[in-house]
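Trainee: Submitted below is the structure of interest, expressed as structure tokens.
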Ligand SMILES: Cc1cc2nc3c(=O)[nH]c(=O)nc-3n(C[C@H](O)[C@H](O)[C@H](O)COP(=O)(O)O)c2cc1C
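Numbering (the working numbering), first residue to last: 390 to 682.
Structure, rendered in structure tokens:
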């Protein structure tokens, strides 16, 4: 009789502990600072333990844990601010370079007086390119657009490796897109590649992702890639996002550490094709709804 009671007692303790942890974590995500912890929360902390009923003691434990997580959150937040001020000190150099490019590049959107939606609709995956090379400054603009993509907790968990060296590009096209990856052999015509490697995300984004059972890092990278290809489209450069390539060979050729993940490769080049297969979009009613699922 005593043994089952003991087990039951322990189980209740663990459930309470888990609840406290859960609430603490939720607080970490939703409370920006100590100032948001209510006065009643603090008042409870001042009541002597012996004078508290059992329920109050549990609440107190939860509040202490929530405070602990809040401190943790504030530290993470401050470290983000430190990174921002570091960037502020060094100045946003690439942006000024973008401004100074003058009238060198084409701007399809301006030339055709396109709205943003028209630009989005005009982008297609390009799988046939002419022989023109892409200017380094245009590639820089594309990466600049990607760099400004939003990311969970501003983690910016990416590194973009631009390949515009002709010899290197050919080695990559030959080795990383052959054999079972042959369906992407069209990239041999591409003028450049941009590899997107995922980097460490911020702890808060990682934890948030775990709690939400999702992967913010991959979402962030997807958004950045879309920024990149839309910017390329505006400059009249065709792109194709590629998820099917020999990652091992790519890492070997470019000395990328084995521990890293190359999420995607983007092939770029001036389009040779002007006709594209009809776009099969799902029905609007299937993918969009207002005010309910
Ligand atoms: C994550 C991802 C991976 C892709 N991988 C490939 C690929 O390996 N080869 C390819 O030819 N296209 C690839 N694509 C392009 C898609 O096939 C293309 O975006 C889709 O068919 C819609 O066509 P559209 O881009 O012309 O609108 C990929 C696209 C995404 C977003």
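Glycine is no exception: its CB is placed at the ideal position from the N, C-alpha and C atoms. Small disclaimer: the values here were computed from a predicted structure and weren't measured.
1. Among the residues of its own chain, which have a CB less than 8 Å from the CB of residue 674, if the five just before and after it don't count?
2. Using only alpha-carbon positions, find the residue among 521, 519 and 498 that is nearest to residue 510.
3. Give, in chain order, every unbroken run of the beta strand (DSSP E) that is at least 3 residues long and sits entirely within the stretch 524-608.
4. Would you call the stretch 588-597 in contact with the stretch 557-569, where contact means no fewer than 3 C-beta pairs closer than 8 Å?
5. Can you say whether residue 635 is buried or exposed, counting buried as having 16 or more other CB atoms within 10 angstroms of its CB?
6. When the Cα of residue 546 is compared with those of 616, 632 and 590, which residue comes out closest?
7. Just verifying my parser: in three-state terms, what is the DSSP assignment at residue 655?
8. Would you please state the rounded distance, in angstroms, between the beta carbons of residue 658 and residue 625? I believe it to be under 8 Å.
9. What do you reckon, is the C-beta of residue 516 under 7 Å from a heavy atom of ligand 3?
10. Less than 8 Å between C-beta atoms, sequence neighbours within five positions excluded: which residues of the same chain meet that for residue 682?
11. Just checking, does the stretch 504-518 make contact with the stretch 549-556 on the three C-beta pairs under 8 Å criterion?
12. Between the alpha carbons of residue 503 and residue 647, how many angstroms are there, rounded?
13. Count the other CB atoms, across all protein chains shown, that sit within 10 Å of the CB of residue 640; report buried if there are 16 or more and exposed otherwise.
14. Counting only beta-carbon atoms, is residue 545 nearer than 8 Å to chain B?
15. From the DSSP output, in three-state form, read off residue 489 for me.
16. Beta-carbon separation of residue 621 and residue 538 under 8 Å?
17. Are residue 565 and residue 638 closer than 8 Å when you measure CB to CB?
18. Pull up the CB-CB distance for residue 587 and residue 650, whole angstroms please, since I reckon it's below 8 Å.
19. Using three-state DSSP, classify residue 627 as helix, strand or coil.
20. Expressed to the nearest angstrom, what Euclidean distance is found between the alpha-carbon atoms of residue 535 and residue 616?
21. Which same chain residues, not among the five before or five after residue 670, have their C-beta less than 6 Å away from its C-beta?
Mentor: Quick look at the numbers:
1. Closer than 8 Å at the Cβ level, and outside the excluded window around residue 674, lies no residue.
2. 498
3. For the stretch 524-608, the full-length beta strand (DSSP E) segments reaching 3 residues or more read 547-552 and 581-587 along the chain.
4. no
5. buried
6. 590
7. strand
8. Between residue 625 and residue 658 the Cβ distance is about 11 Å, and since that is not below 8 Å, they are no contact.
9. Ligands displayed in this structure: ligand 1; ligand 3 is not among them.
10. none
11. Result no; under three Cβ-Cβ pairs closer than 8 Å.
12. 43 Å
13. By the neighbour-count rule (16 or more Cβ atoms within 10 Å), residue 640 is buried.
14. Structure shown: chain B not included; a single protein chain is present.
15. Because the pLDDT of residue 489 is 34, which lies under 50, any placement of that residue in the model is unreliable, and the question is left without a value.
16. no
17. yes
18. 5 Å
19. Of the three classes helix, strand and coil, the one that applies to residue 627 here is strand, per DSSP.
20. 5 Å
21. none
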